[in-house]
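J.: Here it is: the structure, laid out below.
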Amino acid sequence: MTKKEVYYSFDQFKKALLRLDEAVTLASDGDELKRDGTIQRFEFTFELMWKMLKIFLRFEGKETTTPRTTLKEAFKQQMLNDDEEAFLAMIDDRNLSSHTYNAKTVENIFEKIKTIYLPALKRLEKEMGKRVDMS
Numbered sequence: 072m073t074k075k076e077v078y079y080s081f082d083q084f085k086k087a088l089l090r091l092d093e094a095v096t097l098a099s100d101g102d103e104l105k106r107d108g109t110i111q112r113f114e115f116t117f118e119l120m121w122k123m124l125k126i127f128l129r130f131e132g133k134e135t136t137t138p139r140t141t142l143k144e145a146f147k148q149q150m151l152n153d154d155e156e157a158f159l160a161m162i163d164d165r166n167l168s169s170h171t172y173n174a175k176t177v178e179n180i181f182e183k184i185k186t187i188y189l190p191a192l193k194r195l196e197k198e199m200g201k202r203v204d205m206s
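Below is the structure:
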């Protein structure tokens with residue numbers, strides 16, 4: 072794993088997070104299509120986030136294979152602050168949103184994205200920005 076790969080993966084995560092933030096703002100008007108698009112952006116951002124962490128951890132000499140093992144190791148390395156529960160819940164909601172469609176479930180996931188997941192992802196971006204600059 073090279074420093075260039077670490078920077079690239081972090082940059083991709085930041086761009087996806089910015090787009091997710093924009094989508095949350097737009098979807099707050101209650102439009103179902105915008106809400107569904109926001110959930111798709113969340114899924115994409117989640118994938119980039121855990122893969123960015125995996126790349127960074129590998130750069131630091133720690134191997135992980137799955138989103139869950141990667142997030143648990145990131146928590147051990149104090150990358151996730153006090154947000155471990157939120158990040159682990161993201162795995163479940165990401166899987167749920169990809170494999171089922173129930174209006175109530177979708178609305179619940181959107182609310183969690185808006186109130187819990189987006190703020191946690193922004194805190195991670197800030198923390199990783201410091202770490203990437205130091206690596």
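Quick note, the numbering used here runs 71 ahead of the 1-based positions in the sequence shown. From the three backbone atoms N, C-alpha and C, an ideal C-beta is built for every residue, glycine too.
1. The alpha helix (DSSP H) spanning residue 100 covers which residue range?
2. Name the two residues that bound the continuous alpha helix (DSSP H) containing residue 159.
3. Any chance the segment 83-99 sits against the segment 131-151, with 3 or more Cβ pairs inside 8 Å?
4. State yes or no: is the C-beta of residue 72 within less than 9 Å of the C-beta of residue 129?
5. Using 8 Å as the threshold, is the segment 109-129 in touch with the segment 91-98, meaning 3 or more CB pairs across them?
T.: Taking the coordinates as given:
1. Here residue 100 refers to the residue found at position 29 of the sequence shown. That residue, residue 100, is in no alpha helix (DSSP H); it is neither H nor E in DSSP.
2. As a first step, residue 159 must be located in the sequence shown, where it is residue number 88. Residue 159: member of the alpha helix (DSSP H) spanning 155-170, first to last residue.
3. The segment 83-99, when compared against the segment 131-151, does not touch it at the 8 Å Cβ threshold.
4. Taking the sequence shown and counting its residues from 1, the one referred to as residue 72 is at position 1. Taking the sequence shown and counting its residues from 1, the one referred to as residue 129 is at position 58. The Cβ-Cβ distance between residue 72 and residue 129 falls below 9 Å.
5. Enough Cβ pairs lie closer than 8 Å, so yes.
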